[in-house]
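The structure appears right after this line, and notes come after that.
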Amino acid sequence: MIVVCGEALMDVFGVAPTPTGHALDARVGGSPFNLAVGLARLRQPVALFGTISTDFLGQRLWQALAEEGVALAAVRRSAAPTTLSLVGTDAAGQPSYAFHGSGGADRDLPRDALASVPPGLRALHLGSYTAIVPPAAATLRALVERVRRRCLIAYDPNLRLAVEPDRARWRAMLAWMLPRADLIKVSDEDLRQLDPGLSVDAFARHALAQGCGLLIVTCGARGALAWSRRAHAIAPAVPAAVVDTVGAGDSFQAATLAWLAEHDCLAADAAGALHADALHALLRFAATAAALTCGRRGADLPRRDAVD
512 MIVVCGEALM
522 DVFGVAPTPT
532 GHALDARVGG
542 SPFNLAVGLA
552 RLRQPVALFG
562 TISTDFLGQR
572 LWQALAEEGV
582 ALAAVRRSAA
592 PTTLSLVGTD
602 AAGQPSYAFH
612 GSGGADRDLP
622 RDALASVPPG
632 LRALHLGSYT
642 AIVPPAAATL
652 RALVERVRRR
662 CLIAYDPNLR
672 LAVEPDRARW
682 RAMLAWMLPR
692 ADLIKVSDED
702 LRQLDPGLSV
712 DAFARHALAQ
722 GCGLLIVTCG
732 ARGALAWSRR
742 AHAIAPAVPA
752 AVVDTVGAGD
762 SFQAATLAWL
772 AEHDCLAADA
782 AGALHADALH
792 ALLRFAATAA
802 ALTCGRRGAD
812 LPRRDAVD
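Numbering follows our numbering, in which position 69 of the sequence shown is assigned residue number 580; successive positions increment by one, without gaps.
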């Protein structure tokens, strides 16, 4: 079982002006939600660990996860409201986000919720803003300390400065995860936000020196790069007719974890031992999944047959 930790929310897209306002299109989402659904669609046993509201939007999130086959035993319910993420896209399909989630259910993850995490984990993934904001952040750190070295730990910062504008907090979390994560996936855009003067190569050297086993840096249309303790690989992006890039990073990470699971690389030290050919195959598989997502509106991650 792969356990994905974090938020489930509603992505709200602007559709078109109306005579009295603006038409909106609300879709289930949130980076961890997307990742859990993506893993289920790639035929991996997966559970979500987090909190979902009991309001009508939370009911829709719960229903969507159940329909996709995501295990829900570790999901708490809360009367707090569902977070809304207003999504705007530019001419190239690049998204921008405005979050309405202060006091939202997704942040309400107390320490006693750890009792619901299923035993026998093969991998644990965390990231995005629930790894930064209290009380969820402290709970997720405690979970990482509990399971480290017993399963693969994966992290994707997935910066959301509209939720937490203090970059120092994001940098501190990444620094804390470097010696604890077996896999870190980060976009080059997030790296620029965290440290504009740091090159990707310099960050890779630092990450591996700190103890990260496998580092992947995604670069949008320019492809992706990977470093293990044994090798380095570069893969181009897979061509796509881009509708928008919402969920592309989540799709890439879901496919990365699925590839590692299928190749028996979810042991805590296995990802760091990948050689160059394996890294290239992993990047190609993940890039294909991300390209398929870019060809659809919103975070509509592909199923395994489509990736094949």
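Backbone N, C-alpha and C fix where the C-beta goes; we use that ideal spot for every residue, glycine too.
Inter-residue CB distance, residue i and residue j (contact presumed, cutoff 8 Å)
| i | j | result |
| --- | --- | --- |
| LEU546 | THR594 | About 16 Å separates the two Cβ atoms, so there is no contact after all. |
| THR729 | ALA720 | Their Cβ separation, rounded to whole angstroms, is 21 Å, which puts THR729 and ALA720 out of contact at 8 Å. |
| TYR608 | ARG671 | 6 Å |
| ALA800 | PRO813 | 6 Å |
| GLY549 | ASP522 | Contact flag wrong, Cβ pair sits at about 15 Å. |
| GLY724 | GLY783 | 3 Å |
| ASN669 | SER639 | 4 Å |
| ALA686 | PRO750 | That belief does not hold up - the Cβ atoms of ALA686 and PRO750 are roughly 36 Å apart, past 8 Å. |
| ALA616 | SER589 | 4 Å |
| GLY809 | GLY758 | 7 Å |
| ILE745 | ALA634 | Not a contact, Cβ separation roughly 25 Å. |
| GLY806 | ALA752 | 5 Å |
| ASP693 | LEU663 | 5 Å |
| ALA585 | LEU559 | 7 Å |
| PRO543 | GLY517 | 3 Å |
Residue i - partner residues in DSSP beta bridges
| i | result |
| --- | --- |
| ARG538 | ASP522 |
| ARG588 | ILE563 |
| TRP738 | LEU726 and HIS743 |
| THR600 | PRO606 |
| HIS533 | PRO528 |
DSSP-derived helix/strand/coil call for residue i
| i | result |
| --- | --- |
| LEU663 | strand |
| GLY783 | helix |
| SER698 | strand |
| ALA527 | strand |
| ALA673 | coil |
| LEU637 | strand |
| GLY731 | helix |
| VAL557 | strand |
| ALA582 | strand |
| VAL548 | helix |
| LEU812 | coil |
| PRO630 | coil |
| LEU777 | coil |
| GLY614 | coil |
| ARG807 | coil |
| ASP619 | coil |
| THR756 | coil |
| GLY569 | helix |
| ALA751 | coil |
| PRO668 | coil |
| ALA692 | coil |
| ASP706 | coil |
Span of the alpha helix (DSSP H), counted from its first residue to its last, around residue i
| i | result |
| --- | --- |
| VAL655 | 647-658 |
| VAL514 | From DSSP, VAL514 is part of no alpha helix (DSSP H) but of the beta strand (DSSP E) over 513-516. |
| THR593 | Here THR593 belongs to no alpha helix (DSSP H), and DSSP marks it neither H nor E. |
| THR767 | 759-773 |
| VAL711 | 711-721 |
| ARG678 | 678-688 |
| ARG815 | 815-818 |
Residue environment, residue i, which counts as buried when at least 16 other CB atoms sit within 10 Å
| i | result |
| --- | --- |
| SER596 | buried |
| ARG660 | exposed |
| HIS636 | buried |
| ASP701 | buried |
| ASP706 | exposed |
| SER710 | exposed |
| ALA748 | buried |
| PRO630 | exposed |
| PHE567 | exposed |
| ARG618 | buried |
| THR529 | exposed |
| GLN574 | exposed |
| GLU656 | exposed |
| SER613 | exposed |
| LEU794 | buried |
| ARG552 | buried |
| PRO690 | exposed |
| THR767 | buried |
| ALA653 | exposed |
| ALA817 | exposed |
| ALA582 | buried |
| GLU578 | exposed |
| VAL526 | exposed |
| ASP788 | exposed |
Extent of the continuous beta strand (DSSP E) run through residue i
| i | result |
| --- | --- |
| HIS611 | 606-611 |
Closer than 8 Å to chain C by CB, residue i
| i | result |
| --- | --- |
| VAL514 | Among the protein chains of the structure shown there is no chain C, as only one such chain exists. |
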